[in-house]
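Going by the numbering used here, the first residue of the sequence shown is number 443, and it counts up by one from there. Remarks on the structure that follows.
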Amino acid sequence: MNVFERVRLLIVRARAKTGQQLLRGIAMRLWPLSILTRMYYRIRWAEWPRAFLNRDLIAAFAHEPPVLDGDQQRCVDELRKTGIYASTLQELTGDNDLLGRLTDEAQKLLAAPAVQAQIAERHARRGEKWYVIRPLGYESRLTLSEPLAQLVLHPRLLAIVNQYLGMYSRLCYVGLWYNIPVFDQERGIDSENWHRDHEDRNVLKLYLYLVDVDDQMGPLNYLRGTQPLGPYADAFPAEAAYGSIPTPEQLTAVVPCEANLTCTGPAGTLLFCDTAGFHRGGRTLTKPRVVFTATYVTDSGVDVRRIELERAAQLHDFGVAAAFALRKEKQIRSLPAR
Numbered sequence: 443m444n445v446f447e448r449v450r451l452l453i454v455r456a457r458a459k460t461g462q463q464l465l466r467g468i469a470m471r472l473w474p475l476s477i478l479t480r481m482y483y484r485i486r487w488a489e490w491p492r493a494f495l496n497r498d499l500i501a502a503f504a505h506e507p508p509v510l511d512g513d514q515q516r517c518v519d520e521l522r523k524t525g526i527y528a529s530t531l532q533e534l535t536g537d538n539d540l541l542g543r544l545t546d547e548a549q550k551l552l553a554a555p556a557v558q559a560q561i562a563e564r565h566a567r568r569g570e571k572w573y574v575i576r577p578l579g580y581e582s583r584l585t586l587s588e589p590l591a592q593l594v595l596h597p598r599l600l601a602i603v604n605q606y607l608g609m610y611s612r613l614c615y616v617g618l619w620y621n622i623p624v625f626d627q628e629r630g631i632d633s634e635n636w637h638r639d640h641e642d643r644n645v646l647k648l649y650l651y652l653v654d655v656d657d658q659m660g661p662l663n664y665l666r667g668t669q670p671l672g673p674y675a676d677a678f679p680a681e682a683a684y685g686s687i688p689t690p691e692q693l694t695a696v697v698p699c700e701a702n703l704t705c706t707g708p709a710g711t712l713l714f715c716d717t718a719g720f721h722r723g724g725r726t727l728t729k730p731r732v733v734f735t736a737t738y739v740t741d742s743g744v745d746v747r748r749i750e751l752e753r754a755a756q757l758h759d760f761g762v763a764a765a766f767a768l769r770k771e772k773q774i775r776s777l778p779a780r
């Protein structure tokens, strides 16, 4: 890669980041400031400082933890055992119509002229992931439509998230990803390689396939057991607020190939995974891959977007867990937890 290509990539990466992310990235790479910055995040994610930062989330959750049914408990148990759980939206929510509402919402978002122009050009206008178009954008603030709120704040799904984390969670990110089919010779990106995410010590993500995804369409791949407290948790651990991206050769030397789970599935497939464990995916070679995704962290996490509801009154309909997820718990502390 020549110097001009390197500069172009740096500009593309910078345009997709918030001011906070840019400052942190500079601080983590500029010596001697990098030494203090990396030390700060290591301390922030250590056991006792993390517990202190999350004390309100832990106390509120302990006061009235969720009651899980068999399907929810199986999800939590499998997440703790392997770091990933595959199911369907209908099975975990009990809502037969939610997938249709979310599909309609995705079609509406993808129909926007600016989005259609990027699809026609086969190139996202922002972000290093040039073949991933994100209709919900990169801004630090996001307003959730009603169907999206019904997904990412669904009481049954939040109960799984919170039980796994052992505290109330914060909704960190919500996105719609439209992956353009690519050719073998077209440039790849880092997330096609095995990597650990950087947002928190545990990073619980939800993926909902809106189309059928086969093994040629960039399905999520996950290395089971590499999540925190898993048997391979110490394999190239994430550096706080940076992540980890070893070479494939380094990783296969310590994690057996049978740990790899390839998550293909029909539209409506719902995946929970702790992306502090190793995962990869997204490069489709045949048809567009369309996915809704959400990220849940805690108060020790970084890069949290300010997420709002279209109608503030909806907050009371979703309950206390959703209020914590949106950082609005003070508004409805009198409501019973769900």
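For glycine and all other residues, C-beta sits at the position ideal for the given N, C-alpha and C. Values in this document were obtained by computation on a predicted structure and should not be read as measured data.
For residue i, which of helix, strand or coil comes out of DSSP?
{"i": "LEU713", "result": "strand"}
{"i": "MET481", "result": "helix"}
{"i": "MET659", "result": "strand"}
{"i": "VAL557", "result": "helix"}
{"i": "PRO610", "result": "In the sequence on display, residue 610 carries Tyr and not Pro. TYR610: coil per DSSP, three-state reduction."}
{"i": "ASN496", "result": "coil"}
{"i": "PRO524", "result": "The residue asked about is misnamed: residue 524 is Thr in this sequence, not Pro. Residue state, collapsed to three classes: helix."}
{"i": "SER587", "result": "coil"}
{"i": "HIS721", "result": "strand"}
{"i": "GLU570", "result": "coil"}
{"i": "PHE734", "result": "strand"}
{"i": "GLY617", "result": "strand"}
{"i": "GLY579", "result": "coil"}
{"i": "GLY707", "result": "strand"}
{"i": "SER686", "result": "strand"}
{"i": "ARG748", "result": "strand"}
{"i": "THR535", "result": "helix"}
{"i": "SER476", "result": "helix"}
Hey, how far is the Cα of residue i from the Cα of residue j?
{"i": "GLY512", "j": "ASP519", "result": "10 Å"}
{"i": "ARG612", "j": "GLU533", "result": "24 Å"}
{"i": "ASN604", "j": "PHE503", "result": "8 Å"}
{"i": "ALA754", "j": "ARG598", "result": "21 Å"}
{"i": "GLY724", "j": "ASP657", "result": "11 Å"}
{"i": "GLN773", "j": "GLU547", "result": "28 Å"}
{"i": "ASN496", "j": "GLN515", "result": "23 Å"}
{"i": "ASP716", "j": "THR726", "result": "22 Å"}
{"i": "ALA701", "j": "PRO690", "result": "14 Å"}
{"i": "ASP537", "j": "PRO474", "result": "53 Å"}
{"i": "GLY707", "j": "LEU472", "result": "43 Å"}
{"i": "VAL744", "j": "PRO507", "result": "25 Å"}
{"i": "GLU581", "j": "PRO589", "result": "20 Å"}
{"i": "ALA501", "j": "PRO730", "result": "43 Å"}
{"i": "GLN549", "j": "MET470", "result": "39 Å"}
{"i": "LEU593", "j": "THR545", "result": "12 Å"}
{"i": "ALA695", "j": "LYS770", "result": "45 Å"}
{"i": "LEU648", "j": "ALA736", "result": "5 Å"}
{"i": "VAL732", "j": "VAL653", "result": "6 Å"}
{"i": "LEU768", "j": "LEU595", "result": "9 Å"}
{"i": "GLY608", "j": "ARG666", "result": "20 Å"}
{"i": "GLU681", "j": "GLU628", "result": "30 Å"}
{"i": "ARG638", "j": "TRP572", "result": "20 Å"}
{"i": "GLY672", "j": "VAL574", "result": "30 Å"}
Take the Cβ of residue i as the centre, count every other Cβ of all protein chains shown within 10 Å, and call the residue buried at 16 or more, exposed below.
{"i": "SER476", "result": "exposed"}
{"i": "PHE734", "result": "buried"}
{"i": "HIS565", "result": "exposed"}
{"i": "VAL645", "result": "buried"}
{"i": "LEU478", "result": "exposed"}
{"i": "LEU464", "result": "exposed"}
{"i": "ILE526", "result": "buried"}
{"i": "ASP759", "result": "exposed"}
{"i": "TRP490", "result": "exposed"}
{"i": "THR740", "result": "buried"}
{"i": "ALA677", "result": "buried"}
{"i": "ARG484", "result": "exposed"}
{"i": "ARG466", "result": "buried"}
{"i": "PHE766", "result": "buried"}
{"i": "ARG722", "result": "buried"}
{"i": "ILE468", "result": "exposed"}
{"i": "VAL509", "result": "exposed"}
{"i": "ARG748", "result": "exposed"}
Rounded C-beta distance between residue i and residue j? I'm assuming under 8 Å.
{"i": "LEU551", "j": "LEU541", "result": "Wrong, their Cβ atoms sit about 16 Å apart, outside the cutoff."}
{"i": "VAL557", "j": "LEU584", "result": "No, VAL557 and LEU584 are not in contact; Cβ-Cβ is about 16 Å, not under 8 Å."}
{"i": "LEU757", "j": "ALA764", "result": "7 Å"}
{"i": "ARG643", "j": "ALA718", "result": "6 Å"}
Assuming contact is defined by CB atoms lying nearer than 7 Å, are residue i and residue j in contact in what I supplied?
{"i": "THR711", "j": "TYR651", "result": "yes"}
{"i": "PRO670", "j": "LEU618", "result": "no"}
{"i": "CYS705", "j": "LEU713", "result": "yes"}
{"i": "GLY660", "j": "ASN635", "result": "no"}
{"i": "ILE602", "j": "CYS699", "result": "no"}
{"i": "THR668", "j": "PHE720", "result": "yes"}
{"i": "CYS614", "j": "GLU641", "result": "yes"}
{"i": "SER742", "j": "ARG492", "result": "yes"}
{"i": "TYR664", "j": "LEU703", "result": "yes"}
{"i": "LEU499", "j": "TYR610", "result": "yes"}
{"i": "VAL697", "j": "TYR674", "result": "yes"}
{"i": "ARG567", "j": "GLN560", "result": "yes"}
{"i": "ALA591", "j": "LEU751", "result": "yes"}
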